[in-house]
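Throughout the sequence shown, residue numbering follows mature numbering (1 follows the signal peptide of the UniProt record, and there is no 0), covering -16 to -1, 1 to 576 in sequence. Ideal placement from N, C-alpha and C gives every residue a C-beta, glycine not left out. Everything below concerns the one structure shown next.
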Amino acid sequence: MKRLFAWLPFVGIVYGTVYNDISEVTNTDKFDFVIVGGGTAGSVIANRLSENPEFQVMVIEDGSLVRDDLNIKVPFNVFSLSNTRFDWNFTSTPQSGLNGRTVPYARGHVLGGSSCISKMFLDLRGQFLILESDAMFYTRGSSDDYDRFAKITGDPGWSWDSLQPYIQKNEKWTAPADQHDTTGQFNPSVHSTTGMTSVSLPGFPQEIDDMVIETTTQLAWLQSTIGNGARSSAAASYLGDEVTQRSNLHIVLGTRATRILPTQEGNGSHTSLRTVELLSSSGETTLITATKEVILSAGTIGTPTILLHSGIGDKIAFESLGMNSVINLPDVGKNLVDHPTMAVSWNTTSTNPFDGLVVNATLKAEQLNVWMDNRTGALTTLGINQVAFLRIPDNSDIFSQFPDPSAGKNSPHIELAIGSGMTSFIPGHFVGVGASIVAPASKGSVQINSSNPLAMPLIDPGLLSSAFDVKALVQSVKSAIRFFGAPAWDDFVLDIAGPIGSATTDEELEAIIRSSVFPSGHIVGTAAMSATDADHGVVDPDLKLKHASGLRIVDASIMPFIIAGHTQAPVYIIAERAADLIKGDWGSPALS
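See the structure below:
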């Protein structure tokens, strides 16, 4: 059943529509823009394009609309989102760098995408939780990251300085849930209070806060996409009721985009790709053609999967599957990069009653009542209040063996997320670190092994396929051990939990790392942008598919390199600029 939202402009009553299935749409030939994927980037594009009332905009989303579901809205419920209907529940291929293990990949199967379902899950070996799919962290990356984008594409518009207006358009700095004095916890001069997505500091104190700050000043208070105690997802911030009520915005849920089809055949370099093949919930196929553009925003896994099933990719691979090649772009699905991460945890002398909040049903119910009453309390937090980004010293032996994969001297190699005992899934009192390599050298791919567009793709992140990443993780573990060996922890930390405590050599640490690492869920790069005249890459600097017209890609897949931080904020930034690029091509100025 479609839902109609009444909206009063200056004259008459018009309606914006959210459909539960494509079969409910009666007029499919009136849309200027068809956005495939209503995730983080797709939500931004839908909002910005529909600002112009002359543009008719359709969003195709396979998931549902669940903005107000408490599992998504309450920040601490990141611990409750594994293996739910909100998640595509992808699994990787066996990873040779992880001793043949497969690993889960969380991707949002809801309007708002992975900004809605960023989650955590337990690493039983380390007795600590691993972050997956950002966990609401707000980190933009370094200036070097974006300047490298500008250099490789030949487009200064992707530089750090040029992207500042888009950072400002996205971010809406908000006071923390507990309204505490934040003096010295952030730099107000580099934050915006007028954007769309709420960003705030932790709103619930942790027992370890003072010890962390006493240990070092070389870290930051965590900034998260949380506002007024609730998750600020793309669905909430960009597709709220006031936006979905726009008469020119039509959102179709429960509908799978399977292929992008040629609208008219050209001479090989000018194929028009403005037609989308859709599959309804009942299994019926529908074609819809955009009069201006299709914007593919299905994410780092979904975007290459759709492209490959459309015959856009490596023509040699298509031959082996008995498929026709429409456009030969061998880099589709290649260049996948993720941050490898692992846990290091310590037993403590703590008696904090909030330890183990994840599994203490009584305490969690009490805190949910607090949250429902006034949006305060322990559930407004992630159990992580501080994070550190570190560079491996330039004179480290690691750089005599490997080139530096980071974007530059302003860019880190390591992230340490400091977690309290609130996040423990087992009895006891713990403190821990999620240690990640944010400048990895390993690369993987997303491929298909069937012409059936409903078949699951082959997701091979190539985790730890480069020895650099393993040795960098050794460095990160040692950094964490030094951190908790500081005098501030003398009366609190007892001993290292898990097998790391018994490791005496780097080789032993490396073996533990290979058995413990998980992905961060920050995958990027499978439809990478490159210079217009480059013979590699998938999209040009304006994010238009190479050798075609009518199709643009806007999501994390277009990043040619991974950002040295969580990828949610960079996707917002990319999408904000992309919206202006699209508007500019169709004679519409930026309206916000």
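{"Query": "Please state if the CB of residue 128 and the CB of residue 391 are separated by a distance shorter than 7 Å.", "Result": "yes"}
{"Query": "Could you give the distance in angstroms between the alpha-carbon of residue 200 and the alpha-carbon of residue 194?", "Result": "10 Å"}
{"Query": "Where residue 149 and residue 239 are concerned, what is the direct C-alpha to C-alpha distance, given to the nearest angstrom?", "Result": "34 Å"}
{"Query": "Does the distance from the CB of residue 431 to the CB of residue 317 come in under 7 Å?", "Result": "yes"}
{"Query": "Does the stretch 145 to 163 come close enough to the stretch 518 to 538 to have 3 or more Cβ pairs within less than 8 Å?", "Result": "no"}
{"Query": "Should residue 423 and residue 327 be called a contact, given that it needs their Cβ atoms to be closer than 7 Å?", "Result": "no"}
{"Query": "Between the stretch 492 to 510 and the stretch 204 to 224, do at least 3 Cβ pairs fall closer than 8 Å?", "Result": "no"}
{"Query": "Answer yes or no: do residue 185 and residue 169 have a C-beta to C-beta separation smaller than 7 Å?", "Result": "yes"}
{"Query": "Below 6 Å CB to CB, which residues in the same chain sit around residue 562 once its five sequence neighbours on both sides are set aside?", "Result": "527 and 538"}
{"Query": "Under 8 Å by Cβ, that's how I've got residue 24 and residue 141 pegged, so tell me the actual separation to the nearest angstrom.", "Result": "Residue 24 to residue 141, Cβ: 20 Å. No contact."}
{"Query": "With burial defined as no fewer than 16 other Cβ atoms inside 10 Å of the residue's Cβ, what is the status of residue 383: buried or exposed?", "Result": "exposed"}
{"Query": "Out of curiosity, what's the CA-to-CA distance linking residue 361 and residue 159?", "Result": "14 Å"}
{"Query": "Determine whether the beta carbon atoms of residue 511 and residue 287 lie at a separation below 7 Å.", "Result": "yes"}
{"Query": "Go through the stretch 411 to 480 residue by residue and report every complete run of the beta strand (DSSP E) that reaches 3 residues or more, in order.", "Result": "414 to 421, 429 to 431 and 442 to 444"}
{"Query": "Just to confirm my understanding: we take residue 487, look at its own chain, exclude 5 residues before and 5 after, and list those with CB closer than 7 Å. What are they?", "Result": "493 and 496"}
{"Query": "For residue 367, which option in 560, 187, 233 and 345 has the closest C-alpha, if you only look at C-alpha atoms?", "Result": "187"}
{"Query": "With respect to the beta strand (DSSP E) encompassing residue 234, which residues constitute its N-terminal and C-terminal limits?", "Result": "233 to 236"}
{"Query": "Using only alpha-carbon positions, find the residue among 274, 245, 333 and 323 that is nearest to residue 294.", "Result": "245"}
{"Query": "Assess, as a yes-or-no matter, whether the stretch 339 to 358 is touched by the stretch 405 to 421 under the definition of 3 or more beta carbon pairs within less than 8 Å.", "Result": "yes"}
{"Query": "Do residue 307 and residue 173 come within 7 Å of each other at the CB atom, strictly closer than that value?", "Result": "no"}
{"Query": "For residue 180, does the three-state DSSP call read helix, strand or coil?", "Result": "coil"}
{"Query": "Can residue 280 and residue 20 be called in contact, C-beta distance under 7 Å?", "Result": "yes"}
{"Query": "Residue 38 to residue 28, Cα distance in whole Å?", "Result": "18 Å"}
{"Query": "Which residue marks the beginning of the beta strand (DSSP E) containing residue 573, and which one marks its end?", "Result": "Run containing residue 573: none; DSSP gives neither H nor E here."}
{"Query": "Is DSSP giving residue 280 helix, strand or coil here?", "Result": "strand"}
{"Query": "DSSP three-state call for residue 57: helix, strand or coil?", "Result": "helix"}
{"Query": "Does the Cβ-Cβ distance between residue 313 and residue 508 come in under 7 Å?", "Result": "no"}
{"Query": "Round the Cβ separation of residue 359 and residue 212 to the nearest angstrom and send it over; I've been treating them as touching at under 8 Å.", "Result": "5 Å"}
{"Query": "Under the rule that 16 or more other beta-carbon atoms within 10 Å means buried, what is residue 11, buried or exposed?", "Result": "exposed"}
{"Query": "Put residue 122 into one of helix, strand or coil per three-state DSSP.", "Result": "coil"}
{"Query": "Name the two residues that bound the continuous alpha helix (DSSP H) containing residue 31.", "Result": "24 to 33"}
{"Query": "Ignore the nearest five residues each way along the sequence and tell me which others in residue 45's own chain have a CB closer than 6 Å to its CB.", "Result": "22, 95 and 237"}
{"Query": "When the distance is taken between beta carbons, is residue 452 closer than 7 Å to residue 274?", "Result": "no"}
{"Query": "Note down the Cα distance separating residue 215 from residue 397, rounded to an integer number of angstroms.", "Result": "28 Å"}
{"Query": "Classify residue 291 as buried or exposed, calling it buried when 16 or more other Cβ atoms lie within 10 Å of its own Cβ.", "Result": "buried"}
{"Query": "Between which two residues does the beta strand (DSSP E) containing residue 528 stretch?", "Result": "From DSSP, residue 528 is part of no beta strand (DSSP E); its letter is neither H nor E."}
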